[in-house]
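In order, the protein sequence lines correspond to chains V and A.
Numbering-wise, the first sequence is residues 1 to 303 according to my numbering.
Numbering-wise, the second sequence is residues 304 to 547 according to my numbering.
Quick reminder that beta carbons are idealized off the backbone N, C-alpha and C, glycines included.
Here the structure is a predicted model, which is why all the values come from computation and not from measurement.
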Amino acid sequence: MLTTTLCGVELKNPIIPASGTFGYGYEFHELYDINILGSLSFKGTTAEPRFGNPTPRIAETPSGMLNSVGLQNPGIEKVIGEELPKLRDCFHGPIMANISGFSLEEYASSCEKIDGEEGVAWIEVNISCPNVHDGGMAFGATPEKAAAVTKAVRAVTKKPIIMKLSPNVTDIASIAKACEAEGADGVSLINTLLGMRISLKTKKPIMANRMGGLSGSCVFPVALRMVWQVYEAVNIPIVGMGGVTTAEDVVEMMLAGATAVEVGAANLVDPFACKKMIEDLPSVMKTYGIDKLSDCIGGAHHG
Amino acid sequence: MHKGIYTIKSNIKIAADVYEMVLSGDTSAITMPGQFINILLPEKYLRRPISICDWSEDTITIVYKVVGGGTAQMATMPVGTELDCLVGLGTGFDTKKSETSALLLGGGVGTPPMYGLAKALLREGKEVTVLLGFNSKDDVFYQEKFEALGAKVVVATADGSFGTRGFVTDILPENKDVFYYTCGPIPMLKAIYKALGTKGQISLEERMGCGFGACMGCSMQTKVGNKRVCKEGPVFDADILLWE
Ligand SMILES: Cc1cc2nc3c(=O)[nH]c(=O)nc-3n(C[C@H](O)[C@H](O)[C@H](O)COP(=O)(O)OP(=O)(O)OC[C@H]3O[C@@H](n4cnc5c(N)ncnc54)[C@H](O)[C@@H]3O)c2cc1C
Ligand SMILES: Cc1cc2nc3c(=O)[nH]c(=O)nc-3n(C[C@H](O)[C@H](O)[C@H](O)COP(=O)(O)O)c2cc1C
Ligand code: FES
């Protein structure tokens with residue numbers, strides 16, 4: 001009833017904790033059995049270990065938050081050697097590996113390393129991190145650059161690749177199309193929207209990095225609109241995210257065109273958010289007369 | 304960590320802009336003094352982290368200062384209000400680090416976690432000296448409560464309107480070799496670190512996304528690698544800090 005198929009891999013439900021908001025899973029496994037999740041996307045991983053940006057890295061906004069973590073991670077070697085085995089011990093479902101980079105070579109080398117890893121069902125290639133200079137988002141900013149990363153990654157892995165797109169662009173559909181043309185198996189969107197806050201007390205930006213990425217319920221309508229536009233433009237599956245907080249939001253995202261749904265900031269506010277959405281889905285489906293959740297995908301576009 | 308609904312039993316003003324709130328609910332996840340709770344407030348997206356001042360089998364006492372919208376909301380909440388809290392977060396003070404006596408230093412609203420710590424140390428039969436620093440007489444709180452526990456208490460105020468004029472570093476005891484525990488504003492913590500060295504534990508603050516280790520929002524570099532203030536902290540051994 002809740003199953004969905006993403007690039008040929010079946011998920012028991014469409015709920016996937018989003019990269020950067022769920023660590024490598026085990027913190028949450030202490031709270032509930034994370035095997036109820038459809039999948040999970042682990043923290044954005046780069047070739048080298050990174051501490052990320054100076055703190056403060058977090059600011060509150062109405063109905064949301066800004067973060068400028070800047071891809072803190074132990075590096076691909078340690079992720080493969082230590083984090084992935086620990087994650088596989090507690091999570092037996094398909095894993096989404098989230099990979100970031102600062103050059104085409106780095107993207108390709110990290111993806112090549114993860115290619116042989118058991119349990120990793122998809123590689124989510126982050127070309128949209130707003131929190132790192134000369135990398136990340138720059139690759140997601142134009143169709144040409146997005147195509148170049150897709151091509152580089154496609155050459156080194158047989159696993160399905162899902163390109164994670166930035167909302168900080170004029171025409172997200174053209175970028176999704178460029179990825180599709182170079183052989184992407186899917187796209188995921190949206191990453192965070194670039195924003196900032198200034199403290200009236202200090203009259204200075206709250207975050208040390210000054211700017212950061214906005215996420216949480218406030219971005220939901222923007223994310224939904226972009227999923228809609230991309231659905232109209234491509235034939236590959238879409239992982240929808242941005243502000244998803246309730247089971248109703250999940251259904252709405254799917255109606256806009258999402259095959260599966262990632263949940264980010266909501267996990268930080270309520271560590272049980274994903275569990276609750278999975279438990280609430282059947283009754284929400286009943287309320288709206290939905291027998292099979294996957295029948296909803298793109299449903300709002302037809303008829 | 305436990306997530307639950309906690310009911311306000313009392314919520315009273317105890318100093319200028321400072322309130323003491325007692326919540327009732329499940330406290331089984333609290334394992335050591337110096338841990339904190341993370342409170343969800345109406346209309347606020349992120350939770351508010353507040354130190355556990357004291358706890359019993361079914362109550363938690365917190366002391367907070369009104370500094371912005373969230374804490375201002377808390378100050379107006381009537382008895383009976385229910386709050387969604389994450390309880391028993393972080394790694395607190397290790398009472399085993401001190402031997403027969405301990406020096407506790409609290410600055411402003413860094414004082415609350417010192418109370419639960421003093422209680423635990425005294426229960427272990429240790430001699431406890433508490434040094435409290437405030438800006439002014441109107442800001443002073445909990446002096447008598449520490450005394451009632453059986454601790455030796457000395458207060459300093461920056462303007463001299465109560466106790467000794469100056470900062471907690473101006474009222475340090477002769478014997479500086481005793482293990483210390485402290486929480487307060489960063490300039491105070493750094494002054495203490497300079498005066499007393501690395502034989503102590505220091506509680507830090509950082510802006511938090513989650514409070515339970517998931518977002519990397521609160522990371523800090525130390526001599527022994529990256530640490531999360533919310534998970535490996537908020538209390539850290541002074542000797543791992545990069546404060547030299
Ligand atoms: C581990 C820990 C323990 C704490 N214990 C206490 C305590 O016992 N008593 C007490 O009075 N205060 C304590 N604080 C500080 C308290 O969290 C902030 O004063 C409070 O979050 C301010 O919320 P606000 O809505 O009133 O302020 P606003 O400035 O409107 O808050 C906006 C955002 O910034 C965050 N923020 C603002 N100031 C701080 C701060 N100093 N530290 C962390 N986040 C902040 C808020 O949580 C919120 O997300 C503690 C902080 C931490 C990290
Ligand atoms: C604290 C934090 C850290 C994040 N880190 C990453 C990351 O490492 N890689 C990535 O692709 N996206 C990262 N994101 C973006 C999320 O995965 C997601 O795309 C975005 O937050 C929108 O979803 P939401 O509104 O549900 O949070 C991060 C988001 C947050 C809040
Ligand atoms: S606040 Fe999220 S990891 Fe510390």
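Could you tell me which chain V residues have their CB closer than 8 Å to the CB of residue i, listed as they occur along the chain?
| i | result |
| --- | --- |
| A/F515 | E27 and P271 |
| A/N529 | F51 and Q72 |
Any idea if residue i is buried or exposed, counting beta-carbon neighbours within 10 angstroms, 16 or more meaning buried?
| i | result |
| --- | --- |
| A/I317 | exposed |
| A/I365 | buried |
| V/N107 | Inspection of the sequence shows that residue 107 of chain V is occupied by Tyr rather than by Asn. Burial call: buried. |
| V/K275 | buried |
| V/Q72 | buried |
| V/D291 | exposed |
| A/S506 | buried |
| V/E180 | buried |
| A/K422 | buried |
| A/V462 | At residue 462 of chain A the sequence reads Asp, which differs from the Val that was named. When all chains shown are included, A/D462 counts as exposed. |
| V/K177 | buried |
| V/G264 | buried |
| A/K399 | exposed |
| A/Y496 | buried |
| A/G453 | exposed |
| V/A266 | buried |
| V/P160 | buried |
Determine, using beta carbons only, whether residue i comes closer than 7 Å to chain A.
| i | result |
| --- | --- |
| V/V58 | In the sequence as presented, Val is not what sits at residue 58 of chain V; that position holds Ile. So yes, V/I58 belongs to the interface. |
| V/G216 | yes |
Given 6 Å as the limit, tell me if residue i has its C-beta closer than that to any heavy atom belonging to ligand 1.
| i | result |
| --- | --- |
| A/K368 | yes |
| A/R531 | no |
| A/V412 | yes |
| V/I236 | no |
| A/P354 | Correcting the residue type first, residue 354 of chain A is Ser in the shown sequence and not Pro. Flag set: Cβ of A/S354 near ligand 1. |
| V/P205 | no |
| A/E508 | yes |
Residues of chain A with CB under 7 Å from residue i, in chain order?
| i | result |
| --- | --- |
| V/T21 | A517 and C518 |
For a contact meaning CB atoms closer than 9 Å, what does residue i contact in chain C?
| i | result |
| --- | --- |
| A/S522 | You won't find chain C in this structure, because its protein chains are V and A. |
Would you say the beta carbon of residue i comes nearer than 6 Å to a heavy atom of ligand 2?
| i | result |
| --- | --- |
| V/S63 | no |
| V/N267 | no |
| A/K534 | no |
| V/V69 | yes |
| V/V227 | no |
| V/K78 | no |
| A/M377 | no |
| V/K177 | no |
Flag residue i as yes when its Cβ comes closer than 6 Å to any non-hydrogen atom of ligand 3, and as no otherwise.
| i | result |
| --- | --- |
| V/G81 | no |
| A/G512 | yes |
| V/C274 | no |
| A/C388 | no |
| V/C7 | no |
| A/G520 | yes |
| A/G516 | yes |
Determine the chain V residues that contact residue i at a beta-carbon separation under 9 Å, and present them in chain order.
| i | result |
| --- | --- |
| A/K479 | Per Cβ cutoff of 9 Å: no residues; A/K479 is ~31 Å from chain V at best. |
Chain V partners of residue i, CB-CB under 7 Å?
| i | result |
| --- | --- |
| A/K306 | P271 and F272 |
Residues, ordered as in the chain, of the region 23-55 of chain V that lie near chain A by beta-carbon distance below 8 Å: G23, E27, F28, E30, L31, K43, F51, G52 and T55
Proximal residues, the region 60-82 of chain V versus chain A, C-beta separation under 8 Å: E60, T61, P62, S63, G64, M65, N67, V69 and Q72
Short-range partners of chain A found in the region 247-267 of chain V, where Cβ spacing is below 7 Å: N267
Where the region 338-372 of chain A meets chain V: residues whose CB sits under 8 Å from a CB there: L343, K347, Y348, L349 and R350
Residues in the region 490-516 of chain A having any Cβ partner in chain V nearer than 9 Å: E509, R510, M511, G512, C513, G514, F515 and G516
Contacting positions in the region 308-322 of chain A - beta carbon closer than 8 Å to chain V: none
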